[in-house]
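What follows is a single structure, written as structure tokens, with notes after it.
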Amino acid sequence: MEKYTLSVLVENKAGVLSRVVGLFTRRGFNIHSLSVGTTVDESISRITIEVKGDVYMVEQVSKQLSKILEVIKIKTLKDSEMVKRGLVLVKIKTSTKNRGEIIEVANVFRANIVDISATTITAEITGSDNKIEAFLKMVECYGIEEIARTGMTAMERGANTLKLDK
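When you read off a place in the sequence shown, starting at 1, and then add 10, the result is the number in our numbering.
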């Protein structure tokens, strides 16, 4: 199974996200990642959805999404044509002996240290799936206490935009 990224513009109204997610649930498709936020126009939201499946499944989901009245536009983004980032907060066990090592690893990955206590460091890292997974792998030997992730957010590279036709 391949991972696909869908960028969906919708009217920013109550219940729209529920209808979009419900469509995936009814079809038995698992959403790998989900991110939602308003666009430049506050009456429109962008939903970024990552799903694992095949081309046929993505085509079917896109057709079904287009039937939802509040859906304005849908585009399947190709890896080579998009910028995609996620954010992770990770709480890492620490002691006075290894605190410097953890901070050094965070610096290499350009992660920000957002909280330090006597027994933990909380780092914030943004980037691609690969960068985030590599960072998590590097710090797991210290002990990961907790992880909080956002969904991946994506948009097309360059001058290409997913916006309303005027």
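We put the CB at the ideal spot given by N, CA and C, even for glycine.
Nothing here was measured: the structure is a model prediction, and the numbers come from that model.
Local Cβ density within 10 Å of residue i, reported as buried at 16 or more and exposed below that
i	result
LEU75	buried
ALA128	exposed
LYS85	buried
LYS147	exposed
LEU79	exposed
GLY25	exposed
THR104	buried
ALA169	exposed
LYS23	exposed
Own chain partners of residue i with C-beta closer than 6 Å, once the 5 adjacent residues on each side are dropped
i	result
ASN122	GLU134
CB contact flag (residue i, residue j, <7 Å)
i	j	result
ALA158	LEU99	yes
ILE82	LEU33	no
Sequence-distant residues of its chain with Cβ nearer than 8 Å to residue i (five each side left out)
i	result
LYS176	For LYS176, the predicted structure reports a pLDDT of 48, less than 50, and the residue's modelled location is therefore unreliable. A value from the coordinates is still provided. Excluding residues within five positions, none has a Cβ falling inside 8 Å.
LYS62	MET11, GLU12, LYS13, TYR14, ASN40 and HIS42
THR132	LEU99, VAL100, LYS101, ILE102, ILE123, VAL124, ASP125 and ILE126
SER72	LEU16, ILE84 and THR86
beta-carbon residue i near the ligand MG non-hydrogen atom, thresh 6 Å
i	result
GLY168	This structure lacks the ligand MG; in fact it carries no ligand of any kind.
Q.
Under 8 Å: do the stretch 155-171 and the stretch 46-62 share three or more Cβ pairs, one atom per stretch?
A. Enough Cβ pairs lie closer than 8 Å, so yes.
Q: Could you name each continuous beta strand (DSSP E) segment of 3 residues or more that falls completely within the stretch 89-164, going from the start of the chain to the end?
A: Taken in chain order, the whole beta strand (DSSP E) runs of length 3 or more contained in the stretch 89-164 are 92-103, 122-126, 130-137 and 154-159.
Q | Sequence ranges, alpha helix (DSSP H) only - wholly within the stretch 30-97, length at least 4 | A | Uninterrupted alpha helix (DSSP H) stretches at least 4 residues long and entirely within the stretch 30-97 occur at 65-76, given in chain order.
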